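One gets the working numbering by counting positions in the sequence shown from 1 and adding 279 to each.
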Amino acid sequence: MAVEETPSVAPTWHTLDADAVAARLGSDPARGLPAREVGARQARYGPNAIREKARRSKLRMLLAQVTDFMILLLIAAAVISGMLGNLEDTLVILGIVVLNAAVSFAQELRAERAMEALKRMAAATATVVRDGQPQAVPAEALVPGDVVLLEAGNAVPADLRLVEAVDLKLGEAALTGESLPAEKLAGPLADPGLPLGDRHNMAFKGTAVMYGRGRGVAVATGMQTELGRIAGMLESVGETRTPLQRRLTVFGQQLAIGALAICALVFVIGLLRGEPALLMLLTAVSLAVAAIPEAMPAVVTVLLALGAGRMARGNALIRRLPAVETLGSVTYICSDKTGTLTRNEMRVVEAFIGGGHIASVALDPARPPADALLRAMALCNDVVRAPDGRPLGDPTEVALWQAAADAGIDKAALERNAARVMEQPFDSERKRMTTVHLDGGGFIAYTKGAPEIVLALCTGMAIGDGVVPLDPEQATRAAERMAEDGLRVLAVACRRWDMLPGNDPPGALEHDLTLLGLVGLVDPPREEVKTAVATCRAAGIVPVMITGDHLATARAIARQLGILTEGGMVLTGRELRMLPEAELRRRVAQIRVYARVDPAQKIRIVAALQEQGEIVAMTGDGVNDAPALARADIGIAMGQAGTDVARESASLVLLDDNFATIVTAVREGRRIYDNIRKFVRYVVTCNTAEIWTVFLAPFLGLPLPLLPIQILWINLVTDGLPGLALAAESAERGVMQRPPRPPQEGLLARGMVRHMLWFGLLMAGVTLLTQAYAIGAGLEHWQTMTFTVLTLSQMGQVMAVRSDRDSLFQQGLRSNLPLLGAVVLTIVLQLAVIYIPPLNPLFGTSPLTAVELLMTFVLSSVVFAAIEIDKYVVRSRAHARQMPAVDSPSGKA
Ligand code: ATP
């Protein structure tokens, strides 16, 4: 084998012939690279990936935490105050600033890691031939010289010089801007200076196979590819910020402005009251640092990304983060039938042959016309055998192949005498396929496909050894009868040719056929889908079936699953084609089953639903599904059966192709959104409480309630851990028994502002009451008590906001252990600050007596109790209105 050359020195690969290309790359177009060679090339050329924008280094991320303007101001104030007086204070403040930065840094790092993990899961794969064996490898692991197999739906993983192209058409819009698919060939081209769009024997990374199949030698990978040269075009998972994140940023900025204004007031009022300027500056700045929710965006990213990680473990892979939120608003789930609602384990059970129905096991390979039907089922079929003997291919075809094999017909043996010389591949638009084979001195064409299409091309029907004129009505009735039992029906026909027929325009050879028979395949519905459909209903989501299959088949299965019930309508692709837009919009909300639709029609369905204000999730697997997936609010691609092209247009990939997984993902999306709201509610309530406390004290004639260091401490221990632990909160009881969240609903809807305002004020009120009482009673530890009541009230608040409705006692303390742990840790830390003597001077605290401690605990429970009472009122009102959310037995907390 020739030694490979550096690929980048020969950019004119299109002028060489295929063998020369392979030879120069030390490869073999048939056998691919030797597997042992791959490691060395990977080391030499690096991963086959487009480098992303340089990521922020860890150091820069860390620095960003302390270079925030307010933090710098705080450091400056602390340093000045240290120079003027107590150096110890300054050191403690700096210590806390560093700790705070460390916590924020950890949160950001965690967010970044979680996003990276998601990206890794979404990584593409490619089929390569190495050592003569086709195998799926991560696209990143491709090296120059690898022989790559392409089929419709694949994303081209590297720059390839094609060595084989069968009807191959590529969508190159991403690279050349040309929207029509480009036809590809394998022969060399003369002009070395051809623009990319005219290099017809090259397939470039980032383009997609729209049609046909091919094989190519990788001539460039990663940054050496044409795409790599114009890098930065690719949008990858997670770079888009979700609407929620954008709204939160705006909200955070508004809060910050409000907080800064109040802090300025605090400063001025303090000065007017004769407090030392430096102390007031430190207090005001500490308050601003504590009250501005700068960590909120990072924590929300963590909540979203952790949630997405959890979804992935449940087989729903999020490709775009906004989908996590949108899931909670979905009102329609439009699903394919085959494989998503059904098991995709097809089996031939029945046949209509020679004018009568028989069970498939009765197909006798020795009796005409069963022999011809079985031959056609084996030959007009793309199934291949895996090395272990299993059939590989489309499940419909595997079922036909298996039925033929069971009758003793071996495809490979047949092909020795009846080699395929021509073909017109299956596509879901034509709903049929044809292959032409050698047959003695002449040729025989086999066509199989949807009965109404194939029957229309038939003129005769095989009976015994002979052919009689076809009675189309009889055959159609036979097909209907099988379809009404939920069977997928295929018609199989043939035609003999003396000379090799032409096929231009495509389909020209499919006429005057002889029907060999109809075959009926079962594909049992998935058990779990029935429950999932019922869950959808309860959650205000309408499940809809969209299928390429026959109306009767679709209807039967939809009934079995509960998708089609009383009053639901069905529509065929043909009717859909005739229906004017306005009429479709009027009826779309009632239609539960679309049968015999082309993938291209799916986009009309999505659009009509969206115009009715619905939020649509739509599944798809083929190349033609991509536009509808991109248009849907949630495009869902299949992980197993799907194509790369569909996956790339989707925001969610189902790793198990199962409808029930979509419903689980919706539930998870609702849970995550709820938890984010809980987190925001908790943080903002606490922060406003801190501001109210310091701001209102002077008006009540009270001295400054808290020292700067205490404010910073509260911020440190209460914001970070407990907030994050809300990510682990389980779904609300009845989360799937309430209607979808209106997508335009703001983050602060449903009583958030009321909660934050009133409970923030209450928390401040209790804190000030503690202060006033303790000072009035002459307790020398009043400040420690005030400080502790504010810290512990926040712990009460976080425990109480765990659910919007259920009381903590219904939920059980142990149902969120991370949160319980965080709360216990915070209490221990607070006690440490009070009772460990060396910490007293640092935090301005002093040990409380047992009675005082008890009092602080009692006072701190007021907020908790108030929120619990509030929830009790919500519960009893809902109960009075018979809302199922409260008393439904099904929701598991
Ligand atoms: P669904 O939309 O429910 O997932 P599907 O995607 O399998 O169904 P298509 O693949 O578009 O639907 O198939 C439409 C019709 O084409 C089938 O009902 C069948 O009659 C016919 N058909 C399916 N597969 C083949 C095939 N390999 N060869 C010939 N005809 C086929």
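Beta carbons: idealized from backbone N, C-alpha and C, even for Gly. The structure displayed is predicted, hence computed values, not measured ones.
Judged by pairs of C-beta atoms under 8 Å, the segment 755–774 touches the segment 721–735, as three or more such pairs exist. Within its own chain, the residues whose Cβ lies closer than 6 Å to the Cβ of Cys659, once the five positions on either side in sequence are excluded, are Thr714, Tyr725, Lys727, listed in chain order. Under the three-state reduction of DSSP, Arg1156 is assigned to helix.
Relative to the non-hydrogen atoms of the ligand ATP, the Cβ of Lys690 never comes closer than 7 Å to any of them. Distance from the CA atom of Leu934 to the CA atom of Ser1009, rounded to whole angstroms, is 23 Å. Looking only at Ile637, Ile884, His790, Tyr324, the smallest Cα-Cα distance to Ala861 is reached by Ile884.
For the segment 465–517, the continuous alpha helix (DSSP H) assignments of 4+ residues that do not extend past its boundaries occur at 505–508, in sequence order. Residues Asp650, Leu653, Ala686, Gly687, Ile688 of the same chain have their beta carbon placed closer than 8 Å to that of Pro644, with the five preceding and five following residues left out of the count. Here Asn696 is exposed: its Cβ has fewer than 16 other Cβ atoms, across all protein chains shown, within 10 Å.
Val895: member of the beta strand (DSSP E) spanning 895–899, first to last residue.
If you check the CB distance, Asn327 and Glu419 come in under 8 Å. Under the DSSP assignment, Glu430 falls in the beta strand (DSSP E) whose first and last residues are 426–430. In this model, Arg315 and Arg303 are separated by some 18 Å (Cα to Cα). With contact defined as three or more Cβ pairs closer than 8 Å, the segment 1054–1065 and the segment 1118–1131 are in contact. For Ala1051, the enclosing alpha helix (DSSP H) covers residues 1031–1055. In this structure Pro1019 is not in contact with Ile870, their Cβ atoms being roughly 19 Å apart against a cut-off of 8 Å. Rounded to the nearest whole angstrom, the CA to CA distance from Leu439 to Val427 is 8 Å. Residue range 870–874 is occupied by the beta strand (DSSP E) that includes Ile870. Taking non-hydrogen atoms of the ligand ATP into account, the C-beta of Arg767 is found less than 7 Å away from one of them. Contact between Ala497 and Leu421 is confirmed by a C-beta separation of about 6 Å, below the 8 Å threshold. If you look at Ala638, you'll find it isn't in any alpha helix (DSSP H); it sits in the beta strand (DSSP E) that goes 635–638. In the DSSP secondary-structure assignment, Ile951 is not bridged to any residue.
Proximity to Val867 across Val876, Met848, Ala879 peaks at Met848, based on C-alpha coordinates. For the set Leu830, Thr1049, Asp718, Glu807, the Cα lying nearest the Cα of Ala655 is the one of Asp718. Within the segment 885–932, the runs of alpha helix (DSSP H) at least 4 residues long that lie entirely inside it are, in chain order, 905–910, 923–928.
Note on Tyr1151: under 16 other CB atoms within 10 angstroms of its CB, so exposed under the neighbour-count rule. Nearest C-alpha to Arg875 among Met362, His829, Pro313, Met761: His829. Bridge partners of Gly799 according to DSSP: Glu629, Val768. Set against 7 Å, the gap from the CB of Thr814 to the closest heavy atom of the ligand ATP is not smaller. Under the three-state reduction of DSSP, Ala444 is assigned to strand. No heavy atom of the ligand ATP is found nearer than 7 Å to the CB of Met625.
Membership of Phe722 in the beta strand (DSSP E) is indicated by the continuous run 721–728.
By the beta-carbon neighbour count (other beta carbons within 10 angstroms, threshold 16), Thr922 is buried. Membership of Met559 in the alpha helix (DSSP H) is indicated by the continuous run 556–570.
Straight across, the Cα-Cα distance linking Ala657 with Ala682 is about 9 Å.
Closer than 7 Å to some heavy atom of the ligand ATP: that does not describe the Cβ of Thr714.
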